[in-house]
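*Asks:* My questions all concern the structure below.
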């Protein structure tokens, strides 16, 4: 649940000692036991998290400048494009500009033939153990062949709570935000989501 | 948690208040009770009427000693006393022949109604009880008991609370009216 991630940035583990000290800081008799206050605080915190999660939408946190790949692009072009933009993945659009899939490093690694759950280090190991580089396997293929499809997308009004749950359930790292016709209007990455939680700026 | 386990208590007692706070509680309750008692002994006692009842001592603890408490707010002070007085008198009039029943009904019903009307004020329970066990001087008042001593006495105490509790920087009263 999104709750788990939010807990990381929260002081939910307030102790009764903290509360006793706070009560001493305040002048006057407070008609509440530290234990009761703790309970109220924890419930209130959860309500606050829910409120914030429900009040902020995809449109508020998404990166509006979204770099898209076209499904007909060959992998060399696509890799160059991603490298230039310093991103590790992107939505894939068809000829009409509609999002049809998502490509990430994982899809490239998978195509390089070291198994479905390939990692960068496996590739390195493979290259060092064998002559030549497995990247050559990527030649003459198009993005459309390796992308993860159908794309998981969302509308601009999805709450960040729902988005968090989606990231965890579907094990994805980026979520294209699309308009009514399925055309991309932004993208929410894990980074966008983390920034939206901790209010650090 | 197990039934017996719960009886051990697992929380901590709130901290003690500062000496300044103690002094203001003393001053407030002294003036509040003094005002009501003066009215009682100098003015209404000779006419066979009442201004002072025991439950005001309990109210003083709350409105001068636990100023921020929800139980000490004007809504609770006035509402709790007036409602309970009414219930107490009614209980005596209806069930006075069985004093034990009248007493229990008065207190229990007062608490329930104070809950329902969000006017919970512990001294209200005493006010209801006094209507039943207060003897002839109280019984003779009938429903007048609700207005005097109860409503009037509580109002005087409230007036003192409004003045005294807003003098020190560290206090303000009330938290809310309604």
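Residue numbers (the working numbering), protein chains in the order written: chain A, 29 to 229; chain B, 15 to 192. Note that CB positions come from ideal geometry on N, CA and C, so glycine has one too.
Measuring from the CB of residue 215 (chain A), is there a heavy atom of the ligand COA at a distance below 8 Å?
*Replies:* The ligand COA is absent from the structure shown, which contains no ligands of any kind.
*Asks:* Are residue 171 (chain A) and residue 116 (chain A) close, meaning C-beta to C-beta below 9 Å?
*Replies:* no
*Asks:* Taking 9 Å as the threshold (C-beta atoms), are residue 79 (chain B) and residue 57 (chain A) in contact?
*Replies:* yes
*Asks:* Please identify, using Cβ separations under 8 Å, the residues of the region 20-31 of chain B that lie next to chain A, in order along the chain.
*Replies:* 24, 25, 26, 27, 28, 29 and 31
*Asks:* Rounded to whole angstroms, what is the Cα-Cα separation between residue 51 (chain A) and residue 205 (chain A)?
*Replies:* 47 Å
*Asks:* When you compare the CB of residue 46 (chain A) with every CB in chain B, is at least one pair closer than 9 Å?
*Replies:* no
*Asks:* How is residue 153 (chain A) classed by DSSP in three states: helix, strand or coil?
*Replies:* If DSSP states are grouped into helix, strand and coil, residue 153 (chain A) belongs with the helices.
*Asks:* Assuming contact is defined by CB atoms lying nearer than 9 Å, are residue 211 (chain A) and residue 125 (chain A) in contact in what I supplied?
*Replies:* yes
*Asks:* How far does the beta strand (DSSP E) with residue 202 (chain A) in it extend, from its first residue to its last?
*Replies:* 202-206
*Asks:* Under 7 Å Cβ-Cβ, which residues of chain B neighbour residue 51 (chain A)?
*Replies:* Within chain B, the residues near residue 51 (chain A) are 28 and 29.
*Asks:* In this structure, does DSSP put residue 170 (chain A) in helix, strand or coil?
*Replies:* strand
*Asks:* Do you know offhand how far residue 190 (chain A)'s Cα is from residue 129 (chain B)'s?
*Replies:* 39 Å
*Asks:* Which one or two residues does DSSP pair with residue 85 (chain A) in a beta bridge?
*Replies:* A:187
*Asks:* Is the number of C-beta pairs between the region 91-108 of chain B and the region 155-162 of chain B that are closer than 8 Å three or more?
*Replies:* Counting C-beta pairs with one atom in each stretch, the region 91-108 of chain B and the region 155-162 of chain B have three or more that are closer than 8 Å, which means they touch.
*Asks:* Assign residue 45 (chain A) to one of three DSSP states: helix, strand, or coil.
*Replies:* In the structure shown, residue 45 (chain A) sits in a helix (DSSP, three-state: H, G or I).
*Asks:* Which same chain residues, not among the five before or five after residue 117 (chain B), have their C-beta less than 7 Å away from its C-beta?
*Replies:* Excluding sequence neighbours, residue 117 (chain B) sits near 143, 146 and 147.
*Asks:* For a contact meaning CB atoms closer than 8 Å, what does residue 59 (chain A) contact in chain B?
*Replies:* Within 8 Å Cβ-Cβ: 80, 82, 83, 84, 85 and 86.
*Asks:* Just the Cα atoms here: how many angstroms apart are residue 187 (chain A) and residue 41 (chain A)?
*Replies:* Those two C-alpha atoms are separated by around 26 Å.
*Asks:* Let me know if residue 104 (chain A) comes out buried or exposed under the rule of 16 or more other beta-carbons within 10 Å of its beta-carbon.
*Replies:* exposed
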